[in-house]
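**Student:** Here you go, one structure.
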Amino acid sequence: MSLTSKEAFAKLPQKLHNFFIKYPPRPFAQYASKPTTLDQADVNPFLPTKNPDTGRWRGAEYSLRRSADLYKLAKKFGIHELLPPIPQKRFHEDKYYNKNWMRGVLNPKKPKWERELPEKLRKREEALANMDETILAARSKYRKNIERREQNKKSWW
Amino acid sequence: MSVWGAYTKRFQRNMDKVVPRAIGKARLKDQNMYALPTLEQTHPTVPKSEQKTKPEQIGILAGDLAYISEGPQKGTISRILRYMPEYDGVLLMDVTSKKLLPKYSWMENQTTHVFDYPEITPLSQIKLAAKEKHEETGEITYVVADELEMKGRYFDARHKKWLPRRFVKNHDRVEIPWPAPEDPVGDADSEQTKLIATDSETALETTYELQTLAKPSIPVDVVNELRNPHSKYKKRYLSEYQARVMKAPDMPLSNAQKAYLAKKAEQEAKQQALHRGRPITNLSEEIQSFIGEKMASHINKIDNPHLLEHLEGLSAIEIPDFAATQQKIRDAESAEQKPEQK
């Protein structure tokens, strides 16, 4: 079963049909992707507008909730690209993958001891590795101990 | 006395320290402030809460004889005309004085300003007196009761009420009966009663008895006859005058206001021309086919029957706003066609 364009248009929900009567689909009308002044022709109903005479801002004609409703409904019918742009909102996969994470979620601060732990462990490893030199610098007789240890060292042969 | 009662103020008179006599004098002075000459009051009024109203409290009634024990007419016996509770005194038949009456208060057939007016005698200045007839000689003597004593109760048929028996104090055998009322109360035979009063039978006759609260007490059709159906308070509309009174007048606008309103109207017209004024029309065939193609290409790819069913459900949803828009379009079309027809 394949639908013709006329049959498919008959399935257009009234909500979207009503919107397209007021704001024709994208290639037939142009809409700004940034907030504009009221006197411009490409006013986007999903964005706030400024009154150039009074200098006051007016809220978007369609709220974030209503615009999201329209977008999600249109996407189900594959015509979401015909709506005016909604740059301030992300939907579905786009929203999931391009999430603007909070700094604290990505890089938690942690307590001070936890923050300094890797450095502390590195220093400890370093100190254990250079233990003989450190002791020798403080006690010269330790050289004999080192020599004795070298002599008694067992080899596989 | 409570702490609050003991509290006094520096510039306010403490009424607890003023003797009652002084209060009475002050009140009398106030009463006589605007009184006409010769009509000044000589006795202060008694507060309403202290006034005596019952015969057993007063001890006398109009019609009794009184012996005057003080004043210039001391020693005379006179008949009591009336007891005045607001002065705690009586009007006696023989105690009068000449008063100058203004013309507006003259009695019928009065020809002079001077009028013999009964004077108030305080109750403290009189003693109850009674006539006594000697059984054998028939000689009449007077008994004056220094003090009275009330004992027992009986129903007085003349007064139509219960009254105590009056005795001279410490003399149980000397009873002074109450006088007969001047106008016997409820006496059907007296002429005055016949003139004014309603018959007891007529007064007690029951002509209507309420049977139920569920039904209106009068026929519904009578309501409009009893009430005024043309009352101005029942009218649902205002008269021209009322409307004119209630409506504030249109104030003339200043030049600055006119300029502001003109500028605002211009701005609104400009905005309407840009956005709101844009004619609403149905989607053109081109746009319809464009949307339809996009939708068809998307829906034809879907092979999940449940998702298709879901889309069918979404398509079937009707919204009132869409119907309103369609109505607007129809109105606009009809408005366009009308001028063409003309």
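Keeping their order, the protein sequence lines are chains A and B. For what it's worth, this note's numbering labels the leading residue of the first sequence as 13, then goes sequentially. For what it's worth, this note's numbering labels the leading residue of the second sequence as 13, then goes sequentially. Note that beta-carbon positions come from the ideal geometry of N, C-alpha and C, so glycine has one too. Predicted model only: the values in this text are computed from it and were never measured.
1) Under the three-state reduction of DSSP, which class applies to residue 13 (chain B): helix, strand or coil?
2) From which residue to which residue does the alpha helix (DSSP H) around residue 185 (chain B) run?
3) If I measure Cβ to Cβ from residue 168 (chain B) and keep anything under 8 Å in the same chain, skipping five residues before and after, which residues do I get?
4) Using a Cβ-Cβ distance cut-off of 7 Å, determine whether residue 345 (chain B) contacts chain A.
5) Express the C-alpha separation of residue 320 (chain B) and residue 314 (chain B) in angstroms, rounding to a whole number.
6) Can you tell me which residues form a DSSP beta bridge with residue 78 (chain B)?
7) Do you know offhand how far residue 31 (chain A)'s Cα is from residue 268 (chain B)'s?
8) From residue 309 (chain B) to residue 121 (chain A), what does the alpha carbon distance come to, in whole angstroms?
9) What ranges does the beta strand (DSSP E) occupy inside the stretch 220-252 of chain B, keeping only unbroken runs of at least 3 residues that lie completely in it?
10) Report the residues of the stretch 31-46 of chain A with a CB closer than 8 Å to any CB of chain B, ordered along the chain.
11) Output the distance between the C-alpha atoms of residue 226 (chain B) and residue 209 (chain B), rounded to the nearest integer angstrom.
12) Please determine, among B:141, B:307 and B:117, the residue with the shortest C-alpha to C-alpha distance to residue 93 (chain A).
13) Find out if the Cβ-Cβ distance for the pair residue 170 (chain B), residue 192 (chain B) is shorter than 7 Å.
14) Under 7 Å, do residue 111 (chain B) and residue 129 (chain B) count as touching if we go by C-beta distance?
15) Candidates B:187, B:235 and B:48: which alpha carbon is nearest residue 143 (chain B)'s?
16) Counting only the same chain and skipping the five closest in sequence on each side, list residues whose C-beta sits under 7 Å from that of residue 223 (chain B).
17) So, residue 44 (chain A) versus residue 63 (chain A), is the Cβ gap smaller than 7 Å?
18) From which residue to which residue does the beta strand (DSSP E) around residue 106 (chain B) run?
19) In chain B, which residues lie less than 7 Å from residue 20 (chain A) when you measure between Cβ atoms?
20) Would you kindly check if the distance between the Cβ of residue 180 (chain B) and the Cβ of residue 157 (chain B) is under 7 Å?
21) Are the Cβ atoms of residue 299 (chain B) and residue 40 (chain A) separated by less than 7 Å?
22) What residue range is occupied by the uninterrupted beta strand (DSSP E) comprising residue 179 (chain B)?
23) Could you give the first and the last residue of the continuous alpha helix (DSSP H) run that contains residue 214 (chain B)?
24) Taking CB distances under 7 Å as the criterion, tell me whether residue 27 (chain A) reaches chain B.
25) Could I get the ranges of all uninterrupted alpha helix (DSSP H) runs contained in the stretch 15-48 of chain A, with 4 residues as the minimum, in chain order?
26) Taking 8 Å as the limit between beta carbons, can you name the residues of its chain near residue 250 (chain A), skipping five residues before and five after?
27) Could you spell out where the alpha helix (DSSP H) holding residue 158 (chain A) opens and where it closes?
28) Distance check for residue 271 (chain B) and residue 277 (chain B), CA to CA, integer angstroms please.
29) So for residue 130 (chain B), helix, strand or coil by DSSP?
30) Helix, strand or coil, according to DSSP, for residue 334 (chain B) in the structure here?
31) For residue 240 (chain B), go through chain A and note every residue whose CB falls closer than 7 Å to its CB, in chain order.
32) By the three-class DSSP mapping on this structure, what secondary structure does residue 156 (chain B) have?
33) Smallest Cα separation from residue 19 (chain A): which of B:346, B:334, B:303 and B:332?
34) How would you write the range of the alpha helix (DSSP H) that residue 146 (chain A) sits in, first residue to last?
35) Determine the closest residue to residue 90 (chain A) out of A:28, A:132 and A:49, with distance taken between C-alpha atoms.
36) Please list the partners that residue 90 (chain A) has in chain B, where partner means a Cβ-to-Cβ separation under 8 Å.
**Tutor:** Judging by the given coordinates:
1) Bear in mind that the predicted position of residue 13 (chain B) carries a pLDDT of just 48, short of 50, making it too unreliable to give a figure here.
2) Not the alpha helix (DSSP H): residue 185 (chain B) falls in the beta strand (DSSP E), residues 183-187.
3) Cβ within range, chain order: 174, 175 and 190.
4) Cβ-Cβ to chain A under 7 Å: no for residue 345 (chain B).
5) 7 Å
6) B:90 and B:140
7) 41 Å
8) Roughly 50 Å between the two C-alpha positions.
9) none
10) 32, 33, 34, 36, 37, 39 and 40
11) 37 Å
12) B:307
13) yes
14) yes
15) B:187
16) none
17) no
18) 101-112
19) 304, 307, 308 and 311
20) yes
21) yes
22) 173-180
23) 212-216
24) So yes, residue 27 (chain A) belongs to the interface.
25) 17-22 and 26-34
26) A question about residue 250 (chain A) goes unanswered here, because the residues of chain A that appear run from 13 up to 169.
27) 154-164
28) Those two C-alpha atoms are separated by around 10 Å.
29) strand
30) helix
31) Simply none; closest approach about 56 Å.
32) strand
33) B:303
34) First-last of the alpha helix (DSSP H) with residue 146 (chain A): 143-150.
35) A:28
36) 306, 307, 309, 310 and 311
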